[in-house]
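Trainee: Have a look at the structure that comes next, please.
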Amino acid sequence: MNKNPYAGLYIHVPFCAQKCRYCDFYSFPKGEEYFEIYKNRVIEAIEFYGKKYARSYNSLYFGGGTPLLLGEKHLCSIMEAAKPYLTADAEVTAEGNPGVSERADFKKLREAGINRLSFGLQSSNDKELSALGRIHSAKEAAETVKAAQNAGFDNISLDLMLGIPYQTEKTLLESINFCDSLGVSHISSYMLKIEDTTPLAKSELRFLCADEEKSADLYLFACEELSKRGFEQYEISNFAKGGKRSFHNTRYWLDDEYIGIGPSAHSFMEGRRFYTDRNINDFLNVSFEKNEKEESSGGNWEEFAMLRLRLSEGLDVSELEKLFPEVSGAEILEKAKPFEAPGLLKISGSIISFTPKGFLLSNALTAEILY
Ligand code: SF4
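Heads up, the sequence shown is in this note's numbering, so the first residue is 1 and it goes up one at a time.
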């Protein structure tokens with residue numbers, strides 16, 4: 001069913017300078033002595049999966065955690081090892097945070113082949129940043145973006161959070177204008193989800209977070225303001241200028257194949273979905289094959305449809321029918337029709353696409369039209 005001759009490569013770097021209050025990702029502060037060991041294991045994994053699948057990667061994504069914390073020496077070594085498997089035009093992204101930018105020499109990273117950076121800005125309001133437990137200020141964020149641009153990076157993404165403590169429409173607008181004034185080409189705008197296990201969930205600050213209704217208003221407000229500034233919404237939470245969508249992340253929504261390396265990383269190869277546990281010791285010490293855990297499902301029509309409905313381009317039910325003849329596209333279109341008038345989705349021929357209002361209700365809406 002996969003039609004892309006290439007795959008993607010994801011490398012998880014679980015280290016952060018400090019844990020943010022709301023964070024549920026597999027990441028933690030670790031001493032520098034760990035970095036070398038980790039880098040060596042990542043290189044072994046690149047070689048292992050390179051031999052096993054013999055595929056070229058046309059995207060590589062260093063996610064985390066804070067990959068830039070590894071510093072250019074280790075990141076460049078990993079790039080050296082990955083190069084034989086990368087296509088000449090591969091999109092190579094590294095995530096980072098403004099507070100650790102001094103650890104990475106952007107010029108060297110650019111020369112090593114990294115051509116896209118994604119920074120966790122979250123807000124341009126220092127009071128909001130401090131409530132989240134972020135270690136940077138807005139001023140540092142601006143300096144980081146400028147330093148990266150001066151080193152030749154013209155494809156930069158910033159993360160913005162919605163529904164965070166103290167946030168109002170006014171401060172959100174300031175954050176959006178801040179991103180726009182920096183000339184970045186991509187913004188990911190996520191709603192804060194308060195996970196029970198995080199310090200934020202146990203703190204008084206949680207009562208200052210937006211409730212469901214206010215979060216919805218902030219989301220629609222962000223979609224509108226970003227669109228006014230030329231950021232095209234191409235996915236529930238992602239906006240791009242000048243066509244600079246995240247190629248790597250888009251492959252997840254298109255059900256394309258990828259290998260994930262590192263604790264908590266997920267993979268989808270040759271029709272099989274698997275992942276590695278959130279356990280760095282297992283990643284370092286257990287053989288790669290033994291450390292793979294099977295995911296319960298993958299590659300079925302429901303997954304295909306759900307992923308496509310995350311994209312503004314939507315789901316083409318005639319394509320769905322071709323790939324999965326057991327599915328009736330006409331039935332799905334019929335079920336989608338009642339949601340067109342209230343402005344939750346659009347139907348154009350055989351294509352169903354959600355509007356921003358529809359994205360807000362995406363889980364419920366997807367269930368209504370697919371089942
Ligand atoms: S920088 Fe990102 S990954 Fe690290 S603790 Fe903060 S939110 Fe989590």
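Positions of the beta carbon are idealized from the N, C-alpha and C atoms, including for glycine. None of the values given here were measured: they were computed from a predicted structure.
When you compare each of Lys73, Tyr10, Ser56 and Phe304 to Glu32 by their alpha carbons, which one comes out closest?
Mentor: Among Lys73, Tyr10, Ser56 and Phe304, the Cα nearest to that of Glu32 belongs to Lys73.
Trainee: Is Gly299 near ligand 1 - that is, is its Cβ less than 8 Å away from at least one heavy atom of it?
Mentor: Outside the cutoff, so no.
Trainee: How long is the line joining the alpha carbons of Gly65 and Ser59, rounded to whole angstroms?
Mentor: So the alpha carbons of these two residues sit roughly 19 Å apart.
Trainee: Cβ atoms of Gly262 and Asp42: under 9 Å apart, would you say?
Mentor: In the sequence as presented, Asp is not what sits at residue 42; that position holds Val. Yes, the pair counts as a contact, with Cβ atoms nearer than the cut-off.
Trainee: Would you say the beta carbon of Ser137 is closer than 8 Å to some non-hydrogen atom of ligand 3?
Mentor: Inclusion of ligand 3 in the displayed structure is not the case, the ligand content consisting of ligand 1 alone.
Trainee: DSSP three-state call for Lys293: helix, strand or coil?
Mentor: Strand.
Trainee: Could you please give me the residues that DSSP links to Ala7 through a beta bridge?
Mentor: Note: Ala7 sits in a beta bridge opposite Tyr57.
Trainee: Give me whichever residues DSSP pairs with Gly163 in a beta bridge.
Mentor: None, per the DSSP bridge assignment.
Trainee: Phe106: buried (16+ other C-beta within 10 angstroms of its C-beta) or exposed?
Mentor: With 16 or more Cβ atoms within 10 Å of its Cβ, Phe106 is classed as buried.
Trainee: Could you tell me which of Leu75, Gly96, Val327 and Tyr219 sits nearest to Ile236, measuring between CA atoms?
Mentor: It is Tyr219.
Trainee: Please go through the same chain and pick out, in chain order, the residues whose beta-carbon is closer than 6 Å to the beta-carbon of Lys346, but skip the five residues on each side of it.
Mentor: These residues qualify, in order along the chain: Ser353.
Trainee: CA-CA distance, Glu224 and Ile176?
Mentor: C-alpha separation (whole angstroms): 11 Å.
Trainee: The alpha helix (DSSP H) that contains Glu331, what's its start and end?
Mentor: Segment Gly329 to Ala336, the alpha helix (DSSP H) holding Glu331.
Trainee: Kindly indicate the opening and closing residues of the alpha helix (DSSP H) around Phe221.
Mentor: That run of the alpha helix (DSSP H) goes Glu212 to Lys228.
Trainee: Does the beta-carbon of Tyr85 have 16 or more other beta-carbons within 10 angstroms, so that it is buried, or is it exposed?
Mentor: Buried is the call here.
Trainee: Residues near ligand 1, CB to any non-hydrogen atom under 6 Å, in chain order?
Mentor: Any residue whose Cβ sits closer than 6 Å to a heavy atom of ligand 1 makes the list: Cys16, Lys19, Cys20, Cys23, Phe25, Ser27, Gly64, Gly65, Thr66, Asn97 and Gly120.
Trainee: Looking only at its chain, what residues have a beta carbon closer than 7 Å to the beta carbon of Leu372, apart from the 5 residues adjacent to it on each side?
Mentor: Lying before the first or after the last residue shown, residue 372 is absent from the chain, which here runs from 1 to 371.
Trainee: Measure the alpha-carbon distance for Leu70 versus Phe15 and round it to whole angstroms.
Mentor: Looking at the two C-alpha atoms, the distance is approximately 8 Å.
Trainee: What do you reckon, are the CB atoms on Arg94 and Leu75 nearer than 9 Å?
Mentor: For the sequence presented, residue 94 should be read as Ala rather than Arg. Cβ atoms of Ala94 and Leu75: closer than 9 Å.
Trainee: Answer yes if the region 175-190 comes into contact with the region 153-163, meaning at least three C-beta pairs across the two stretches below 8 Å, and no otherwise.
Mentor: Cβ pair count under 8 Å is three or more, so yes.
Trainee: When you compare only the Cα positions, how much space is there between Arg272 and Glu289?
Mentor: C-alpha separation (whole angstroms): 13 Å.
Trainee: Does the count of Cβ pairs from the region 243-261 and the region 325-345 closer than 8 Å reach three?
Mentor: No: fewer than three Cβ pairs fall under 8 Å.
Trainee: Using three-state DSSP, classify Gly71 as helix, strand or coil.
Mentor: Gly71 falls in the helix class under three-state DSSP.
Trainee: Flag this pair as yes or no: are the beta carbons of Phe231 and Ile164 separated by less than 9 Å?
Mentor: Not in contact: Phe231 and Ile164 (Cβ atoms no closer than 9 Å).
Trainee: Any beta carbon of chain D sitting closer than 9 Å to that of Glu47?
Mentor: In summary, chain D is missing from the structure at hand, where a single protein chain is found.
Trainee: What's the call for Lys39, buried or exposed, on a 16-neighbour Cβ count within 10 Å?
Mentor: Under this definition Lys39 is a buried residue.
Trainee: What are the start and end residues of the beta strand (DSSP E) that includes Lys244?
Mentor: From DSSP, Lys244 is part of no beta strand (DSSP E); its letter is neither H nor E.
Trainee: Excluding the 5 residues preceding and the 5 following Arg229 in the sequence, name in chain order all residues of the same chain whose CB lies nearer than 6 Å to its CB.
Mentor: For Arg229, where only same-chain residues beyond five positions count, the Cβ hits under 6 Å are Asp180.
Trainee: The beta strand (DSSP E) that contains Gln233, what's its start and end?
Mentor: First-last of the beta strand (DSSP E) with Gln233: Glu232 to Glu235.
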